[in-house]
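Reviewing the structure listed below.
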Amino acid sequence: MLRGPPDERSPDELLAFGVVNLDKPPGPSAHQVAAWVRDMAGEAVASVERADRRAEPIDQAAHAGTLDPKVTGCLPVLTGAATRLSQVFLEGAKEYVAVLELHDDAPADVEDVVAEFEGPLYQKPPRKSAVARRLRVREIYDLDALEVTDRRVLLRIRCESGTYIRKLCHDLGLALGTGAHMGDLRRTATDPFDDSTLATMEDLADGLARWREGEARSDEPRAAGSDDWLREVVSPAERALTHLPAVTIAPSAAEQVARGAQVYAPGVIEAEDAEEGQLVACFTPEDAAVCLGTMVGDADAESGVVVELERVLV
1 MLRGPPDERS PDELLAFGVV NLDKPPGPSA HQVAAWVRDM AGEAVASVER
51 ADRRAEPIDQ AAHAGTLDPK VTGCLPVLTG AATRLSQVFL EGAKEYVAVL
101 ELHDDAPADV EDVVAEFEGP LYQKPPRKSA VARRLRVREI YDLDALEVTD
151 RRVLLRIRCE SGTYIRKLCH DLGLALGTGA HMGDLRRTAT DPFDDSTLAT
201 MEDLADGLAR WREGEARSDE PRAAGSDDWL REVVSPAERA LTHLPAVTIA
251 PSAAEQVARG AQVYAPGVIE AEDAEEGQLV ACFTPEDAAV CLGTMVGDAD
301 AESGVVVELE RVLV
């Protein structure tokens with residue numbers, strides 16, 4: 001079944017296909033935080049079911065890129081069916097602020113040495129990582145030494161997804177001739193999210209509680225704005241797709257995609273800056289997400305496959 005316009009969804013529909021730009025606290029793992037979000041949302045939705053409306057259960061949540069327990073910051077968490085689009089976070093960049101702890105006094109050319117690490121960088125995942133320890137290349141888009149104080153260097157890092165900041169800090173220490181390790185680390189952006197719209201776990205709990213209280217008054221008019229706070233915290237999952245090229249398809253084509261069909265040229269209404277080989281997101285004319293896929297054809301053609309399905313979202 002196709003979803004309606006993102007801005008017109010009820011709170012339970014929002015939670016069933018939503019995303020929270022969470023400010024991860026220090027202590028728990030990213031996996032634990034996602035599990036807490038899943039349980040909180042699932043309990044809230046189950047508690048407000050009514051005889052005239054059965055909400056879709058919330059039994060899944062997924063985070064957008066692992067953060068170690070001590071690391072804080074931007075951790076988008078997808079809820080419900082939105083977990084199907086978690087791969088989109090592999091397409092965007094990540095941004096961090098890190099403290100580089102030098103093992104000796106900082107040399108005079110810190111800024112110059114740091115700048116040399118911009119560009120493609122060979123990395124081998126650390127021993128404690130969850131992936132195979134194979135040499136691989138990751139791109140460092142921007143690397144700036146913002147401040148140098150005694151044996152500490154404050155770094156701002158914008159990099160390709162999958163970059164190991166701890167390993168980058170170790171390599172910087174070798175290049176500087178002092179040795180170094182990573183101190184505090186905070187993620188400030190995960191495309192398309194940044195730290196300007198972060199919400200805490202407490203914000204989510206408060207938004208869910210206020211919504212539940214408003215829904216509980218079934219014998220009186222619903223409290224005005226009882227879900228406003230929740231809508232400030234939870235966004236439609238389409239918010240996580242804004243950094244991808246968009247393809248608008250006809251409702252009839254969307255219905256076929258929901259049954260596993262590819263996206264064919266006659267069903268394409270508009271393709272926004274999508275190039276062959278790119279991961280794209282397909283939407284209905286009402287801006288509801290339909291699928292993720294790879295652009296393989298010409299959107300202006302009269303026939304043929306335009307988008308090859310990777311993940312159906314309806």
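So in UniProt numbering, the last one in the sequence shown is 314, and the numbering has no gaps at all.
Cβ coordinates follow ideal geometry from the N, Cα and C atoms, glycine included.
Skipping 5 residues on each side, what residues in its chain have a beta carbon closer than 7 angstroms to that of V153?
Excluding positions up to five away in sequence, the list reads L100, L102, A106, V110, A145.
Any chance the stretch 224-239 sits against the stretch 185-205, with 3 or more Cβ pairs inside 8 angstroms?
Yes: the two stretches touch, three or more of their Cβ pairs being nearer than 8 angstroms.
Whose CA, out of D59, P28, K94, F89, lies closest to the CA of V71?
Nearest of D59, P28, K94, F89 to V71, Cα basis: P28.
Is there contact between the stretch 116-124 and the stretch 87-97, where contact requires at least three CB pairs shorter than 8 angstroms?
Segments in contact, no.
Quick test of your reading: E135 and L143, contact by CB under 8 angstroms. State the CB separation rounded to the nearest angstrom.
For the sequence presented, residue 135 should be read as Leu rather than Glu. Not really, about 20 angstroms apart at Cβ, beyond 8 angstroms.
Please classify A301: does DSSP put it in a helix, a strand, or coil?
In the structure shown, A301 sits in coil (DSSP, three-state: anything other than H, G, I, E or B).
Out of L2, T178, V296, M40, which one is the CA nearest neighbour of E276?
For the residues L2, T178, V296, M40, the minimum Cα distance to E276 belongs to V296.
Just to confirm, is the Cβ distance from K24 to L67 under 8 angstroms?
Yes. Within cutoff.
Please list the terminal residues of the continuous alpha helix (DSSP H) segment that includes E91.
Here E91 belongs to no alpha helix (DSSP H), and DSSP marks it neither H nor E.
In chain order, what residues of the same chain have a beta carbon less than 7 angstroms from the beta carbon of R212, not counting five sequence neighbours either side?
Only A44, S47, V48 meet the Cβ criterion.
Under a three-way DSSP split, which group does A180 fall into?
It is a strand residue.
Quick check on this structure: which residue in V114, D206, F193 has the alpha carbon closest to the alpha carbon of G177?
The candidate whose alpha carbon is nearest that of G177 is V114.
Quick check: what's the CA-CA separation for D52 versus Y96?
Residue placement at D52 is flagged as unreliable, the pLDDT there being 48, under the threshold of 50; the coordinate-derived value follows with that caveat. Roughly 47 angstroms separates the two Cα atoms.
Buried or exposed for V137, please, with buried defined as at least 16 other CB atoms from any protein chain shown within 10 angstroms of its CB.
Exposed: under 16 other Cβ atoms inside 10 Å.
For a quick check, are the C-beta atoms of V312 and A258 less than 8 angstroms apart?
Yes, the Cβ-Cβ distance between V312 and A258 is below 8 angstroms.
Cα separation between G304 and D39?
Taking the straight line from one Cα to the other gives about 44 angstroms.
Give me the Cα-Cα distance between V190 and A62, rounded to the nearest whole angstrom.
The sequence given here places Thr at residue 190; Val does not occur at that position. Near 14 angstroms, if we compare the C-alpha coordinates of A62 and T190.
Can you list, in chain order, the stretches of the beta strand (DSSP E) that have 3 or more residues and sit fully within the UniProt domain "PUA" (245-314)?
Within the UniProt domain "PUA" (245-314), the complete beta strand (DSSP E) runs of at least 3 residues are 246-249, 268-271, 279-283, 289-295, 305-312.
Please go through the same chain and pick out, in chain order, the residues whose beta-carbon is closer than 6 angstroms to the beta-carbon of D195, but skip the five residues on each side of it.
Cβ within range, chain order: C74, T188.
Measuring alpha carbon to alpha carbon, tell me which residue in D150, P251, A34 is nearest L78.
Comparing Cα-Cα distances from L78 to each of D150, P251, A34, the minimum goes to A34.
G4 to L172, Cα distance in whole Å?
The alpha-carbon atoms of G4 and L172 are separated by roughly 50 angstroms.
Under a three-way DSSP split, which group does E118 fall into?
Note: E118 maps to coil in three-state DSSP.
Excluding the five sequence neighbours on either side, which residues of its own chain have a C-beta within less than 8 angstroms of the C-beta of P236, listed in chain order?
The answer, listed in chain order, is P6, D7, R9, L14, F17, G18, V19.
If distances are taken between C-alpha atoms only, which option among T248, D203, A281, D273 comes closest to A265?
Nearest C-alpha to A265: T248.
Starting from P236, follow the beta strand (DSSP E) in both directions and report where the run begins and ends.
It spans 234-236 - the beta strand (DSSP E) in which P236 sits, taken as one unbroken run.
Using 10 angstroms around the beta-carbon of E272, count the other beta-carbons present and answer buried if the total reaches 16, otherwise exposed.
Label assigned to E272: exposed.
Using the Cα positions of D112 and T149, report the straight-line distance between them to the nearest angstrom.
Taking the straight line from one Cα to the other gives about 16 angstroms.
With DSSP as the reference, identify every bridge partner of V110, one or two as the case may be.
DSSP, once it has assigned bridges, lists no residue as partnering V110.
Quick check for students: name the residue ranges of the alpha helix (DSSP H) that lie wholly in the stretch 143-209, counting only runs of 4 or more.
The qualifying runs are 165-176.
How would you label K124, buried or exposed, when you count the other beta carbons within 10 angstroms and need 16 or more for buried?
Counting Cβ neighbours within 10 Å, K124 comes out exposed, since fewer than 16 surround it.
Under the rule that 16 or more other beta-carbon atoms within 10 Å means buried, what is G293, buried or exposed?
Flag for G293 reads buried.
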